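Asker: Be aware that the sequence shown starts at 1, since it is given in our numbering, and climbs by one per residue. Pasting a structure here, questions to come.
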Amino acid sequence: MRKFEDTYRHKGLRKKLIENLREKGITDEAVLTAMNTIPRHFFLDTALDHFAYEDKAFPIESGQTISHPYTVAYQTQLLNVKPFDKILEIGTGSMYQSTILAAMGAQVFTIERQHPLYEKTKEYVFKKKYPVSTLRFFFGDGFEGEPNFAPFDKIILTCGAPIVPPKLVEQLKQGGIMIIPLDQGDIQKMLRVTKNEDGTLTEESFDDFSFVPMLAGKNRE
Ligand code: SAH
């Protein structure tokens, strides 16, 4: 079990990162506060400890990545998170994004298809910080969503999706929003899908990003 230490140096670097996010256009104070509270280096290999507060993506297990801090901030800002929102996340990965959402007071349901990553979430001290009902982990295929806990106020995908998954649209509340990096060849276009009261969808496009792909099925190895 690794040791989790948050030193003054880490805190200082994190503060600089927050200023950097502000300069890049992140204005949601709740997002910035959560990202200043949660030590990102806890979610990375100890060898990467001193790089954790650079605005970079890093490898995690199973050939996956922890998203750039800017990407996390950008998606979370678009999600317009409010306390007690019931949020479904597709792609737990390092658990960093899910923890940011929990720190903002949301009720988080997160799905991962890579078993080693799902298993690793057990290691995190943060799990103990939040009641079981605010941060729940599932091993499964995000294309299927979590029908037993639907509907959700918000849905966030942290992998590049080939389509807007129909089952996720079904599991979104009326008036709810889904943030989805939609594949456009080599890059993903950030999309905000709003499910209107009459059931129709409104789609808005934002900036381009680069994500690992959303893959169907589960991987036990
Ligand atoms: N939110 C993560 C980002 C991890 S990268 C973080 O903060 O670190 C995206 C993750 O999506 C990877 O772990 C990948 O295994 C996962 N993923 C890809 N397709 C998926 C699917 N169909 N269902 C669930 N997770 C999926």
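Just so you know, even glycine gets a beta-carbon here, dropped at the ideal spot from N, CA and C. Small disclaimer: the values here were computed from a predicted structure and weren't measured.
Cβ-heavy atom distance between V143 and the ligand SAH below 7 angstroms?
Answerer: In the sequence as displayed, the identity of residue 143 is Phe instead of Val. The answer is yes for F143.
Asker: May I ask you to verify whether the region 197-211 touches the region 92-109, counting CB pairs closer than 8 angstroms and requiring at least 3?
Answerer: no
Asker: Return the CA-CA distance between K24 and F51, expressed in angstroms with no decimal places.
Answerer: The alpha-carbon separation between K24 and F51 amounts to approximately 19 angstroms.
Asker: Per the DSSP calculation, S205 is bridged to which residue(s)?
Answerer: Beta-bridge annotation (DSSP): S205 is paired with L191.
Asker: Might you give, ordered along the chain, the residues of its own chain that have their beta carbon closer than 7 angstroms to the beta carbon of P213, omitting 5 neighbours on each side?
Answerer: C159, G160
Asker: Could you pull out every residue in the same chain whose Cβ sits closer than 6 angstroms to the Cβ of L157, ignoring the five residues on either side in sequence?
Answerer: I90, I180
Asker: Taking the alpha carbon of I177 as the reference point, which residue from A102, L78, K120, R14 has its own alpha carbon closest?
Answerer: It is L78 whose Cα lies nearest to the Cα of I177.
Asker: For Q184, which residues does DSSP report across the bridge?
Answerer: Bridge partners of Q184: I187.
Asker: Under the rule that 16 or more other beta-carbon atoms within 10 Å means buried, what is T7, buried or exposed?
Answerer: So T7 counts as exposed.
Asker: Need the endpoints of the alpha helix (DSSP H) that V164 sits in, please.
Answerer: Counting along the chain, V164 falls outside any alpha helix (DSSP H), and DSSP gives it neither H nor E.
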